[in-house]
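In our numbering, the protein residues as written are 171 to 490. Ideal Cβ positions, reconstructed from N, Cα and C, are used throughout, including at glycine. Please read these numbers as outputs of a predicted model, since none were measured by experiment.
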Amino acid sequence: MTEPIIRVTDIAWGRIRSPDLDVQEEFLTDFGLVRAERTNTALFMRGTDPDHHIHVTELGDPGFISLAFNAASEEDLHKLAAEAETATEVQDIDEPGGGKRVTITEPNGYGIEVVWGIEDLAPIDVDRPPYNLSNVDKYARTGKLWRKPQGPSHPKRIGHGVIGTPKLKESIDWIRHHIGLVGTDEVFVEGDKDKVVASFNRIDAGQKYVDHHVFLFVHNENAGLNHISYEVPDFDDVVMGHEHLRNKEKYDHVWGLGRHVLGSQIYDYWKDPWGRVHEHWCDTDVLNQDYGTQLVAAEEGFGSQWGEPAPMEFIGHVSP
Numbered sequence: 171m172t173e174p175i176i177r178v179t180d181i182a183w184g185r186i187r188s189p190d191l192d193v194q195e196e197f198l199t200d201f202g203l204v205r206a207e208r209t210n211t212a213l214f215m216r217g218t219d220p221d222h223h224i225h226v227t228e229l230g231d232p233g234f235i236s237l238a239f240n241a242a243s244e245e246d247l248h249k250l251a252a253e254a255e256t257a258t259e260v261q262d263i264d265e266p267g268g269g270k271r272v273t274i275t276e277p278n279g280y281g282i283e284v285v286w287g288i289e290d291l292a293p294i295d296v297d298r299p300p301y302n303l304s305n306v307d308k309y310a311r312t313g314k315l316w317r318k319p320q321g322p323s324h325p326k327r328i329g330h331g332v333i334g335t336p337k338l339k340e341s342i343d344w345i346r347h348h349i350g351l352v353g354t355d356e357v358f359v360e361g362d363k364d365k366v367v368a369s370f371n372r373i374d375a376g377q378k379y380v381d382h383h384v385f386l387f388v389h390n391e392n393a394g395l396n397h398i399s400y401e402v403p404d405f406d407d408v409v410m411g412h413e414h415l416r417n418k419e420k421y422d423h424v425w426g427l428g429r430h431v432l433g434s435q436i437y438d439y440w441k442d443p444w445g446r447v448h449e450h451w452c453d454t455d456v457l458n459q460d461y462g463t464q465l466v467a468a469e470e471g472f473g474s475q476w477g478e479p480a481p482m483e484f485i486g487h488v489s490p
């Protein structure tokens, strides 16, 4: 395996376009994100972790623009700018949060922003009543009742992004070469391990443990965003966020609640007003280089450990 140009350290944000920033902000607030800043032409939403923003919406016709990843150093930005064919120059980011950026274009025409030096904000404190779990500490909450205020979920950070593509192998090779992701699980169909239809990729951090996946490519006849995903603190936060969005009676629910096989996250998926799928999840598998890359049959990998199987509305979904 050839050495990648650089190795990114995490995903930073997803960037989309919407024709009405007020409507977009209302959905994202109900989803649990918090406004970091807003201009006349863009909306920047954050989670409870210190990241300045984890979701960007530009004003315009509905569309998917890019995913952003964090570089390990400013030097890596210059290396990427020098070696990647589609790369921009290293640029100062003229947006809230600042920092520097190189943008490269992946095989389906979408941007991969590689960023460094983004401003952090103070974390947002979230009251989390402790659990009296018999396998951890049955007496963590002595003399106190478990109560949590009704309301939206509390996304901490962006977890992963998923792009549908008719150029699966080319796209997988491209992302691994340019930003150094490594395969976790490759999903195949028809009993043929050469017929891969989805590729789960993680950060390459050697012996350090990282999330099961930070990025997926999934085969689709059309290219586009399948979904963007946000980690919340715990199971109750997923469920209470589900209740909050359902009670609004204005958003389309896609899939969940359930627990994935690949990654093992407890999940819940919703569409924004223009059909872009956003996921809440908690409790992912964390792996290191010892796991390698596994081949998994679709019948197993696309299933749920509990909950409904994935609907076709989700499997075949892309937002160009």
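- In the DSSP assignment, I485 falls within the alpha helix (DSSP H) that extends over M482 to I485.
- Per DSSP, reduced to three states, the secondary structure at W451 is strand.
- In the DSSP assignment, H412 falls within the alpha helix (DSSP H) that extends over F405 to K418.
- One thing to note: L351 has its Cβ within 8 Å of the Cβ of I345.
- Here K326 really is in contact with G217; their C-beta atoms are around 5 Å apart, less than 8 Å.
- In the DSSP annotation of this structure, the continuous segment of the beta strand (DSSP E) that includes S188 starts and ends at D180 to S188.
- In summary, I328 is buried, with 16 or more beta-carbon neighbours lying within 10 Å of its beta-carbon over all protein chains present.
- For the 8 Å CB-CB criterion, G462 and A393 do not form a contact.
- Around the beta carbon of A206, a 10 Å sphere encloses 16 or more other beta carbons of the protein chains shown; the residue is thus reported as buried.
- Judged by beta-carbon spacing, L237 lies beyond the 8 Å limit of T227, meaning their Cβ atoms are not closer than that value.
- The C-beta separation of H225 from P266 comes to about 12 Å, leaving the pair out of contact by the 8 Å criterion.
- The C-beta separation of H382 from G426 comes to about 18 Å, leaving the pair out of contact by the 8 Å criterion.
- Here R346 carries a helix assignment [DSSP, helix/strand/coil].
- For D438, the enclosing beta strand (DSSP E) has its first and last residue at I436 to K441.
- Buried is the label assigned to L457, since at least 16 other Cβ atoms lie within 10 Å of its Cβ.
- Take V204, set aside five residues on each side of it, and the residues of its chain with a beta-carbon closer than 6 Å to its own are R216, in chain order.
- For the pair N371 and F358, the CB atoms are not nearer than the 8 Å cut-off.
- Residue pairing from DSSP leaves G473 without any beta-bridge partner.
- Pairing R311 with P300 gives a Cβ-Cβ distance under 8 Å.
- The residue from G184, I235, W451 and D307 with its alpha-carbon nearest to that of H412 is W451.
- Put simply, of Q194, P232 and E244 the residue whose alpha carbon is nearest the alpha carbon of T179 is E244.
- The shortest C-alpha to C-alpha distance from P319 to any of E289, M410 and G486 is the one to M410.
- In the structure shown, the three-state DSSP call for H222 is coil.
- Assignment of V204 by DSSP, reduced to helix, strand and coil, places it in the strand class.
- When C-alpha distances from A252 are compared across N210, R317 and I176, the shortest belongs to I176.
- Residues F358 and V359 of the same chain have their beta carbon placed closer than 7 Å to that of K365, with the five preceding and five following residues left out of the count.
- The beta carbon of S341 sits closer than 6 Å to those of P277, T335 and F387, all from its chain and outside the five residues before and after it, given in chain order.
- With respect to the 8 Å criterion, V466 and N390 are not classified as neighbours on the basis of their beta carbons.
- Y437 sits buried, since 16 or more C-beta atoms from the chains shown fall within 10 Å of its C-beta.
- Comparing alpha-carbon positions, the option among G202, I282, G477 and S304 lying closest to I349 turns out to be I282.
- Relative to G361, the option among D407, A468, S188 and L198 whose CA is nearest is A468.
- Judged by DSSP in its simplified three-state form, V466 adopts strand.
- In this structure, R429 sits away from I186, with a CB-CB distance that is not shorter than 8 Å.
- Under DSSP, H430 shares a beta bridge with S474.
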